[in-house]
Each structure stands twice: as structure tokens, then as C-alpha cells.
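Residue numbers (my numbering): 49 to 260.
Where is the CB? At the ideal position from N, CA and C, for every residue including glycine.
As the structure is a computational prediction, the values presented were derived from the model and not from experiment.
Shown next as C-alpha cells:
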């Protein structure tokens, strides 16, 4: 292994470690995804990185986090799955590379990509328990072909991000269920207390003795 390859591997491991560290130290999903985007982009010397999550209906990819992209680009419009062949392939489990996003017919916003200075894009699926839950995208400012090592790194980063998302959603569901149970318990206590009070009020008084 050359020193250059060793240095690259060290960068990959360090980036993955930082994302794992963020996952284990915070329940703030937006913060963890932001760290994942920044670490991924910096490690690959890329222009930008974003994570988009599939809506429950499965018809749109909404922004989860982004690094290196302008507000104008992020506000370019909704990412509709039906109009994005690239994302359709990624949501089917494929790692998709776009050599030139300004000309590729499968990229939904080529004009916006040109204005943003984006050329190559790689799209990696975020694997959930039962289905792909979103995509991780890396953008470069020049035409680029990603190496096999870089693809493996991106797949590992996507796995960690997906695990974080799934755990955060599970935590939110548990919180909601806990709050529902607490509300039910409060209602039960209120109803029980009112019923007990009513029973006390309805107890007939004993007739007084004639001796009194």
C-alpha cells in the first residue's frame, strides 16, 4: 500500500469515525446529518453534499441536510421522484454516477446545476430496514469519475446516516407513544377520581336513632 493510499484510507476512516461519534453523542437528527454531509464532502474534496429523505407517500425527496450548496440552489424546487430518473434508480438500490449534471437528461434540474457550478454528481441510496429511505448526493465542480474506494466509503457513510435516521424516527415514535400513554393515564386518574367522589356523595345517610 502506497503512502498516498494509506493517507486516503485514514481520511475515510476518520470521516466515518466522526459521523459515528456524532450519532452516539446526540439525538439531534439535523445536527448528525449536517455533520455527515460536511465530513463526506470534505473527505472527498467535493464541492458539496446533501441528504434527502423520502416522504411517507414516496413521491418526493425532501431536504434533510446540506453542505456547500447555496440557498438559491436549495430553493430551486421540489425533487419529485416521478421526474427524477436518477433518484428512481437510487431508490431502487443503485449507486448512480452522473458525469455532467448540466446535460444529463436523468437529472431533474440541469439549469440550476449549471448556475451552481455543479458538474458531476454521485447518488447513493440510504438503506432502511424494509426499503430505501432517501439518498445521499455528492457534487463536484469538475467532471469526475469516483473510484471504487470512494464508492465504498460513500456506501458506508450512507449506511451510518440511514441508521441514524431510523433510530431517530424510532425514538420519536417511542416518545409519542409514551406521551399518549401518559395522557391516557391522566384521563384514567381523572375519571377514576370523579367516579369515586360521586360514589361518596351518593352514600345515603343512616337514619338517626330515636334515642338521639
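First and last residue of the uninterrupted beta strand (DSSP E) at residue i
{"i": "residue 99", "result": "96-102"}
{"i": "residue 153", "result": "Premise fails: residue 153 is in no beta strand (DSSP E) and is neither H nor E."}
{"i": "residue 113", "result": "108-115"}
{"i": "residue 180", "result": "180-187"}
{"i": "residue 145", "result": "144-146"}
Beta-carbon contacts of residue i that lie in its chain and below 8 Å, excluding the five residues immediately before and after
{"i": "residue 59", "result": "91"}
{"i": "residue 191", "result": "147, 148, 167 and 168"}
{"i": "residue 163", "result": "120 and 121"}
{"i": "residue 108", "result": "102, 126, 127, 128 and 129"}
Closest by C-alpha distance to residue i, when choosing among the options
{"i": "residue 144", "options": "132, 164 and 170", "result": "170"}
{"i": "residue 177", "options": "220, 213 and 198", "result": "213"}
{"i": "residue 136", "options": "111, 224, 173 and 104", "result": "173"}
{"i": "residue 186", "options": "77, 78 and 100", "result": "100"}
{"i": "residue 179", "options": "106, 68 and 69", "result": "106"}
{"i": "residue 138", "options": "184, 152, 233 and 235", "result": "184"}
{"i": "residue 111", "options": "82, 226 and 188", "result": "82"}
{"i": "residue 188", "options": "196, 165, 218 and 198", "result": "165"}
{"i": "residue 117", "options": "104, 94 and 131", "result": "94"}
Sequence-distant residues of its chain with Cβ nearer than 7 Å to residue i (five each side left out)
{"i": "residue 278", "result": "Because residue 278 is not part of the residues shown, which for the chain are 49 to 260, the question remains open."}
{"i": "residue 204", "result": "64"}
{"i": "residue 85", "result": "97, 98, 99, 113, 114 and 115"}
{"i": "residue 141", "result": "173 and 180"}
{"i": "residue 194", "result": "145 and 170"}
Same chain, Cβ closer than 6 Å to residue i, five either side skipped, listed in chain order
{"i": "residue 258", "result": "Note that residue 258 scores a pLDDT of 47, beneath 50, so its modelled location is shaky and nothing firm can be said."}
{"i": "residue 66", "result": "87"}
{"i": "residue 216", "result": "77"}
{"i": "residue 182", "result": "100, 101, 102 and 174"}
{"i": "residue 133", "result": "154"}
{"i": "residue 201", "result": "60"}
Distance cut-off 8 Å: residue i Cβ against heavy atoms of the ligand SAH
{"i": "residue 106", "result": "For the structure depicted, the ligand SAH is absent and the ligand set is empty, with no information on it obtainable."}
Opening and closing residue of the alpha helix (DSSP H) in which residue i lies
{"i": "residue 83", "result": "77-91"}
{"i": "residue 169", "result": "Element bounds for residue 169: not the alpha helix (DSSP H) but the beta strand (DSSP E), 169-175."}
{"i": "residue 303", "result": "Outside the modelled stretch of the chain, which goes from 49 to 260, sits residue 303, for which no answer is possible."}
{"i": "residue 193", "result": "Taken as a continuous stretch (DSSP letters only), residue 193 belongs to no alpha helix (DSSP H), as it is neither H nor E."}
### Task
Would you check if there are 3 or more beta carbon pairs closer than 8 Å linking the region 202-209 to the region 119-129?
no
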